[in-house]
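Following: one structure in structure tokens, then a few remarks.
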Amino acid sequence: MCAIAIDRYFKICHPFCHVFNIVCAKIIVGCLLVLASTFGSITAILHGQEHYTFIEEINISELYEHKQNGSYSEVLDGFDSHNASTLTLDLTQLYETNSSSMDLTQNNASSHSTISQYSYCNPSYVYFSPGFVRAYQQVYAGTYLLAFIVVFVLYALIVRSIHKHRAQLSKWKRSSLYPSEIANVETQFNSVTKVDPHTHRSSNCINKVEAIDS
Numbered sequence: 007m008c009a010i011a012i013d014r015y016f017k018i019c020h021p022f023c024h025v026f027n028i029v030c031a032k033i034i035v036g037c038l039l040v041l042a043s044t045f046g047s048i049t050a051i052l053h054g055q056e057h058y059t060f061i062e063e064i065n066i067s068e069l070y071e072h073k074q075n076g077s078y079s080e081v082l083d084g085f086d087s088h089n090a091s092t093l094t095l096d097l098t099q100l101y102e103t104n105s106s107s108m109d110l111t112q113n114n115a116s117s118h119s120t121i122s123q124y125s126y127c128n129p130s131y132v133y134f135s136p137g138f139v140r141a142y143q144q145v146y147a148g149t150y151l152l153a154f155i156v157v158f159v160l161y162a163l164i165v166r167s168i169h170k171h172r173a174q175l176s177k178w179k180r181s182s183l184y185p186s187e188i189a190n191v192e193t194q195f196n197s198v199t200k201v202d203p204h205t206h207r208s209s210n211c212i213n214k215v216e217a218i219d220s
């Protein structure tokens, strides 16, 4: 966006500077490609996946009772609240899978073990320190603010230049029409008053002077 705004600024506000050419455009595109690749690579390295594995003994009939009551709080005591909603769905699927092969009316309900694996995308400090990560995040956020300011200022200058050019163009049009209007008025006035446009004297006076001279 900044490159487009700069290009439009020079093309509209300074059309005769010829700042941008093919060589300059290639250099700018190359610099932007390096900058974007750098930001993208660092952002990708700063994040990674963390894997969690839970092995839990699940009482299926007790799960069924809690499912009927609408509460899984007692079953999920061994898990943190962050994984509770996902684990609830897993436990429900586990019950639906095993409900056909177990007798829910038995006094001694069977127990089953389940293994749950979870992966989360979190900031990684394997290659960079936490201080570098915080500094990079501030710089990365600052680039957005800087780009917004540059684009806003350049487009404001472009709008100002366009309005200024239009006002000057309308002024030139008015000034070019003004002499022709005066000439038309003067022609009409001369035709009515019969005044010579060169000597600014009436034609009657000119005839009298010619008669006296003769």
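According to the working numbering, the sequence shown is numbered sequentially starting from 7. Cβ atoms here follow ideal geometry from the backbone N, Cα and C, with glycine treated the same way.
Item                                                                                                                                          : Value
Have a look at the DSSP bridge pairing and note the partners of N128.                                                                         : G54
Measure the alpha-carbon distance for H20 versus A141 and round it to whole angstroms.                                                        : 38 Å
Can you give me the C-alpha to C-alpha distance between R172 and L52, rounded to a whole angstrom?                                            : 51 Å
Suppose you measure from the CA of I155 to the CA of L41; what does that come to, to the nearest Å?                                           : 19 Å
Under the assumption that D13 contacts F26 (Cβ atoms under 8 Å), give the Cβ distance between them as a whole number of angstroms.            : 6 Å
Between the Cα of V145 and the Cα atoms of T44, S176, L160, which residue gives the shortest distance?                                        : T44
G54 and V132 - do their beta-carbons sit closer together than 9 Å?                                                                            : yes
For L160, count the other beta carbons within 10 Å of its own beta carbon; 16 or more makes it buried, fewer makes it exposed. Which is it?   : buried
Buried or exposed: H24, going by 16 or more other Cβ atoms within 10 Å of its Cβ?                                                             : exposed
Ordered along the chain, which non-local residues of its own chain (more than five positions away) have a Cβ less than 8 Å from that of A153? : M7, C8
Please name the residue in K17, K170, T149, Y126 whose C-alpha comes closest to that of L38.                                                  : T149
Where V157 and A11 are concerned, what is the direct C-alpha to C-alpha distance, given to the nearest angstrom?                              : 6 Å
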